Structures are given as structure tokens and as C-alpha cells.
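In this note's numbering, the protein residues as written are 12 to 289.
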Amino acid sequence: MKYILKIIAFINILCIVLMFLFLFINGIKFFEFYSVSDFFFGMRWISLSGVYGIVPLITGTFWVSIVAIVFSVIMSFFIVIYMAEYASDKMRKIYKINIEIMSAIPSVVLGFLGLYIFSDTIQSIFKLDTGLTALTGGIMLSFMAIPTIVSISDDALNNIDKSYKEASLALGANKLETILFILLPAAAPGIFSSIMLGFGRILGETITVLMITGNAPVIAKTPLVPVRTLTATIASEMGEVIQGSEHYYALFAIGLILFIISFIINILADYFIKGGGK
Numbered sequence: 012m013k014y015i016l017k018i019i020a021f022i023n024i025l026c027i028v029l030m031f032l033f034l035f036i037n038g039i040k041f042f043e044f045y046s047v048s049d050f051f052f053g054m055r056w057i058s059l060s061g062v063y064g065i066v067p068l069i070t071g072t073f074w075v076s077i078v079a080i081v082f083s084v085i086m087s088f089f090i091v092i093y094m095a096e097y098a099s100d101k102m103r104k105i106y107k108i109n110i111e112i113m114s115a116i117p118s119v120v121l122g123f124l125g126l127y128i129f130s131d132t133i134q135s136i137f138k139l140d141t142g143l144t145a146l147t148g149g150i151m152l153s154f155m156a157i158p159t160i161v162s163i164s165d166d167a168l169n170n171i172d173k174s175y176k177e178a179s180l181a182l183g184a185n186k187l188e189t190i191l192f193i194l195l196p197a198a199a200p201g202i203f204s205s206i207m208l209g210f211g212r213i214l215g216e217t218i219t220v221l222m223i224t225g226n227a228p229v230i231a232k233t234p235l236v237p238v239r240t241l242t243a244t245i246a247s248e249m250g251e252v253i254q255g256s257e258h259y260y261a262l263f264a265i266g267l268i269l270f271i272i273s274f275i276i277n278i279l280a281d282y283f284i285k286g287g288g289k
């Protein structure tokens, strides 16, 4: 079994390396056709005209990701505190089961909910021309990150030595003060890693943002306008490109950027999981 596990682990690492090489080889070819500065600092993405400025896509990804991570962290914060310190064992099990079910909801289902239900709510509340905005996409994406954040944060809180809580209560602190000033700081590495992994989940999502963010490659100054993310650009345009064309390699360049960002996020999360943030 030891050798079988070693072989499987090696295959996993090899697959990741090969994926990176595949993206790198195809992505780097794009800069044989197009200027690096025009790609990274260009203000327009018009693929039909051969204009590949990535700033509008990064802006759209930024707004969707920020909205999603803010909503998911706020909601997860209250859920985790309730589950860890206030819920009975029966209620905790119910919450755990529902959180796990929530993580199994297909992204296309959330996209449908956002498209036909939630977008109308956003449109009416903010008096917009359309409800397909970065705000809509971010809120729906937050439901994908919540299970990851809640599960890992709950484990982090439950793994804290009980003497922390007992000592705080013995010194006269109430339950809320113990949670906020003793338990949460002690579990900070695990909680931060859960947020980073949740952010990685948000960053890599495609179908939901493609359906409900408006798919408009513009530089958004607020989250209340239609946007297009990096992942949505690849999904919407890869099916129509000519293999080996400038446009084809431009999409691989976007994929390479996403791979590098995701890799960095996972390294940071792993660092904090191992207690590097203490």
C-alpha cells in the first residue's frame, strides 16, 4: 500500500506540473503576437478586433470576488460562532448536514436562481437597468464559498485546547468575550486558511458568473454594473476561436494567470493551515 500511495501521489503532482506546462507553453506564445504591456495594461477587450487588454476582465473579477468574499465571510462568521459555542449537539449536526448539502449544489443551479429570481431583486432595489451585475454574481458566489469557510473554521475552533476557554471564563470573561478575544485569535490561522480556500473557490467559478454578471468586458467603477470575469471570458470565447490563432493563445494567457493566482492562494492557505500565521 505504501508504494501504491506513493505512485498515486506522484501521478497527482505530475498532472499538476503537466497542466502548468500546457498552459505555459500555449500562453507564452501569445506574446509572440501581442505586446506584454498592451495585454496587462490595455483598457479594452475586443477579441473580434484583435484588442486584448486584460484590465476590464481583472476589474470584473475583482468586483465579483470582493463582493463574494465579504458576504461569505460575514455570514460564515455568525454561523461558525453559533455552531461552535451556542448550538446544541442536535442543532450542530443539522447545521453540519445542511452546510454539506449546500456545497453539493451545482453552480448552474445557483446561476438559474440568480438569473430568474435574485437579479430582479437587485434591479428593483438599486433602480438599475439590469440586475445582471457584479453584485448579483458576487452574492450568489458567496453561497459557494460558505461551506468551505464554515467547515474549516469550525474544525479550527474545535481543535483549540479547552484550557483556553476554561481559563478565560475562570478569569471573569463572559462567553461572547471569550469567543471574540480568546478563541477566534487562537484559531486565526485555520480561519484565515478557510477564507483563502473559499476565495480560490470563488476565483475559479465559471458558469454562475457567466450567467448572471452581464458578461460585459468594461472597466467597472462599482459592483452595480455588468462585468465579465477572467473565467467567463475563457468559457464564452474558447468554443469559437480558431486553434493556433492569436485569440486562441490569448485565452491560454488568461488561463495561465488564473493558474498562477490560484497556486499562490493555495500556498498561502497551506502555510496558515500549518500554523505559519501564529
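Beta carbons: idealized from backbone N, C-alpha and C, even for Gly. None of these values were measured; they are calculated from a predicted model.
First and last residue of the uninterrupted alpha helix (DSSP H) at residue i
i      : result
Ala178 : Lys173 to Ala181
Leu152 : Ala145 to Asn169
Arg239 : No alpha helix (DSSP H) holds Arg239; DSSP gives it neither H nor E.
Phe42  : No alpha helix (DSSP H) contains Phe42, which DSSP labels as neither H nor E.
Asn109 : Asp100 to Ser114
Ile230 : Unbroken run through Ile230: none, as it is neither H nor E.
Pro200 : Ala199 to Gly215
Val91  : Val66 to Ile92
Met249 : Where Met249 is concerned, there is no enclosing alpha helix (DSSP H), given that its DSSP letter is neither H nor E.
Glu96  : Looking at the DSSP string, Glu96 is not in any alpha helix (DSSP H), and its letter there is neither H nor E.
Met12  : First-last for Met12: undefined, no H or E at that position.
Residues of its chain near residue i, where Cβ-Cβ distance is below 8 Å and the 5 sequence neighbours each way are ignored
i      : result
Phe33  : none
Thr159 : Ser114, Ser205, Leu208, Gly209 and Arg212
Ser118 : Met155, Glu216, Thr217, Ile218 and Thr219
CB of residue i within 9 Å of CB of residue j, strictly
i      : j      : result
Gly148 : Ile69  : no
Phe52  : Val66  : yes
Phe42  : Ala264 : yes
Ile80  : Ile110 : no
Tyr260 : Gly122 : no
Trp74  : Thr233 : yes
Glu248 : Leu262 : yes
Phe274 : Pro200 : no
Close beta carbons around residue i, own chain, < 6 Å, minus the five adjacent residues each side
i      : result
Gly125 : Thr147, Met151 and Ile223
Ile202 : Ser164 and Ala167
Val229 : Pro67
His258 : Ser58 and Val252
For residue i, the nearest candidate out of the options (CA to CA)
i      : options                          : result
Arg143 : Asn226, Phe270 and Leu269        : Per the sequence shown, the amino acid found at residue 143 is Leu instead of Arg. Per the Cα distances, Asn226.
Leu235 : Ile128, Ala145 and Ser256        : Ala145
Glu216 : Tyr259, Glu188 and Phe154        : Phe154
Lys40  : Thr233, Gly266 and Lys285        : Gly266
Met94  : Thr233, Trp74 and Ile105         : Ile105
Thr244 : Thr72, Ser162, Ile24 and Lys17   : Thr72
Leu187 : Phe89, Met102, Phe270 and Asp140 : Phe89
Pro237 : Ile19, Met102, Ile24 and Ser130  : Ser130
Beta-carbon separation (whole angstroms), residue i vs residue j, contact threshold 8 Å
i      : j      : result
Glu96  : Ile171 : Between Ile171 and Glu96 the Cβ distance is about 11 Å, and since that is not below 8 Å, they are no contact.
Ile318 : Leu214 : Only positions 12 to 289 of the chain appear in the structure, and residue 318 is not among them; the question remains open.
Lys173 : Leu194 : Actually they do not touch by this definition, with Cβ atoms about 10 Å apart.
Val161 : Val91  : 6 Å
Phe50  : Gly64  : 7 Å
Same chain, Cβ closer than 7 Å to residue i, five either side skipped, listed in chain order
i      : result
Ser60  : none
Gln134 : Thr141 and Gly142
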